[in-house]
Amino acid sequence: MQFINGIFTSIAKQGYTLTVATAQSDAEMVELHRDLFVQRKVDGFILPRTMHDDPRIQILDQLKAPLVLYGQTENLTQYSWFDINQVECFHRATARLLAFGHRHLAFLGGDAQLFYNSLRKKGVELGIEEFDQEEVQLQIFENITTVPDGLDCAMRLLKSPQPPTGFLCALDLAALGVIRATKQLELIPGEHISVIGYEGIPEGEFSEPGLTTFAVDQYEAGFQCGVKLMQLIHEKGAKVTGTLTTAVLLERGSDGPACLNSSELATFIRSRKRLLSS
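Position 69, counted from 1, in the sequence shown is what my numbering calls 280; the numbers after and before it change by one each time, with no gaps.
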C-alpha cells in the first residue's frame, strides 16, 4: 500500500490519477495492458514484480508505451527502472551469518518466476564465494512465499539429519514461518538458529524475537517510479534512467552467534523430541 501511496503522491502533483490493474492470468494481463493504452485510458505504466521474459514488458514495448519498472529484468538499457540493490542485501546477510559462525545455511527463495528471486539468490551465492566455500553448505528452496510455506520448509529442514543453523529468507513472511517452526520445536530463534528476512514488514517488528531484516522504503520507491514516469510522458525524447538504491538492515533478535553446529543441532532436536514424548 505504501508503494501505491508513493506513486499517487508523485503523479498527483502533475494532475494525474492512478489506475491499479489486476488480472487472473498472464494472457489476461497482457490484453488488459494493451486495451488500457490503445483505448487511451492511461498514459503510461509502472510495472512492479518484474518477471523473467515478462510478457507485460514485451507488449508495452511493442506499443511504445511510457514504461517504468519497479524491479529489474534481463535488459535494463531499454527501460527506466527503480530497484533496491538486493544482491548487496543478501550478500551482507550471508556474510553476517558466516561471521556469526554459521556454516550450514538455507536460502528460502520467493516466487521463482520473479526476477527479484534470482538477484537475492545471487547475493547469497556471492557471499559464500567470498568465504571458504568448502566450509559452507547451502541448501536452496524456491516458492517459499507465505508464513505456512516457511513453517513447513523449516520444519522439514530442522528435523533432517543435517539441519541448517542459518536461514536466509527472500521474504519476511517466510522468515516469520521459520521462527514459528523453531518455537514449535522448542528452540530459541537467535540462539539455536538464526533467521534473516527481507522487506521490513510491520509484523517482523512485533514477532518474538523481533525479525532481523532489510527494510525497504516502499513509499519512496513508489514516489520515484512516479517521477520517472512523469519524465517519460512529459519530456520529449526523455532518456531512460535506472536507479539502484539500498535497504536498511534492522538488527533485531532473530540472528546471532552460532551456539551449535549442524550435527550438534540435530542431536539437540532429537533429544528434545525424546524428552517431550516421554
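Ideal Cβ positions, reconstructed from N, Cα and C, are used throughout, including at glycine.
Would the segment 403 to 421 count as touching the segment 457 to 467 if we require 3 or more Cβ pairs under 8 Å? Yes: the two stretches touch, three or more of their Cβ pairs being nearer than 8 Å.
Measuring straight from C-alpha to C-alpha, what distance separates D264 and L271? Residue 264 sits at position 53 when you count from the first residue of the sequence shown. Residue 271 sits at position 60 when you count from the first residue of the sequence shown. Approximately 13 Å, taken between the alpha carbons.
Any 3 or more C-beta pairs closer than 8 Å across the segment 307 to 323 and the segment 371 to 384: By the Cβ rule, the segment 307 to 323 counts as touching the segment 371 to 384, because three or more pairs are nearer than 8 Å.
Need the endpoints of the beta strand (DSSP E) that L349 sits in, please. Here residue 349 refers to the residue found at position 138 when the sequence shown is read from its first residue. Counted as a single uninterrupted DSSP element, the beta strand (DSSP E) harbouring L349 occupies residues Q348 to F352.
With a 10 Å radius around its C-beta and 16 neighbouring C-beta atoms as the bar for buried, classify R367 as buried or exposed. Here residue 367 refers to the residue found at position 156 when the sequence shown is read from its first residue. Here R367 is exposed: its Cβ has fewer than 16 other Cβ atoms, across all protein chains shown, within 10 Å.
Using alpha carbons as the reference points, say which of T230, Y227, A232 and G282 lies closest to L455. Indexing the sequence shown from 1 puts residue 455 at position 244. Comparing Cα positions, the closest option is G282.
Measure the Cβ-Cβ separation of L274 and Y290 and say whether it is below 9 Å. As a position in the sequence shown, residue 274 is number 63, starting the count at 1. As a position in the sequence shown, residue 290 is number 79, starting the count at 1. Going by beta carbons, L274 and Y290 fall outside the 9 Å limit.
Given a threshold of 16 other Cβ atoms within 10 Å of its Cβ, counted over all protein chains shown, does K450 qualify as buried or as exposed? Translated into the one-based positions of the sequence shown, residue 450 becomes position 239. Around the beta carbon of K450, fewer than 16 other beta carbons lie within 10 angstroms, which makes this residue exposed.
Straight-line gap, M262 to L443 (C-alpha atoms, nearest Å): Taking the sequence shown and counting its residues from 1, one reaches residue 262 at position 51. Taking the sequence shown and counting its residues from 1, one reaches residue 443 at position 232. Cα to Cα, the separation comes out at about 22 Å.
Give the secondary structure of V459 by DSSP, where H, G and I count as helix, E and B as strand, and everything else as coil. Counting from one through the sequence shown, the residue named residue 459 turns up at place 248. Three-state result, V459: strand.
At what residue ranges does the segment 252 to 302 contain a whole run of the alpha helix (DSSP H), taking only runs of 4 or more? The qualifying runs are 266 to 273.
I'd like to know whether the C-beta atoms of Q356 and V335 end up nearer to each other than 9 Å. Position 145 of the sequence shown holds residue 356. Position 124 of the sequence shown holds residue 335. The displayed chain sequence assigns Thr, not Gln, to residue 356. The Cβ atoms of T356 and V335 do not sit closer than 9 Å to each other.
Would a C-beta distance cut-off of 9 Å place H302 and L337 closer than the cut-off? Your numbering for residue 302 matches position 91 in the sequence shown. Your numbering for residue 337 matches position 126 in the sequence shown. Yes; because the gap between Cβ atoms is below 9 Å, this pair is in contact.
Which of the three DSSP states is assigned to C436 in this structure? In the sequence shown, residue 436 corresponds to position 225, counting from 1. For C436, the three-state secondary structure derived from DSSP is helix.
H315 (DSSP reduced to helix, strand or coil): If you number the sequence shown from 1, residue 315 lands on position 104. Here H315 sits in strand by DSSP.
Proximity of D466 and G401 at Cβ, strictly below 9 Å: Mapped onto the sequence shown, residue 466 falls at position 255. Mapped onto the sequence shown, residue 401 falls at position 190. Against a cut-off of 9 Å, the Cβ pair of G401 and D466 comes out as a contact.
Count the CB pairs spanning the segment 417 to 430 and the segment 234 to 246 that are closer than 8 Å, and state whether there are at least three. In short, these stretches do not touch, since the Cβ pair count stays below three.
Proximity of S418 and I390 at Cβ, strictly below 9 Å: On the sequence shown, position 207 is the one that residue 418 refers to. On the sequence shown, position 179 is the one that residue 390 refers to. A contact, by the Cβ cut-off of 9 Å.
Residue from S474, V438 and C470 whose Cα sits closest to the Cα of I257: Counting from 1 along the sequence shown, the entry for residue 257 is found at position 46. With respect to the C-alpha of I257, the residue from S474, V438 and C470 having the closest C-alpha is V438.
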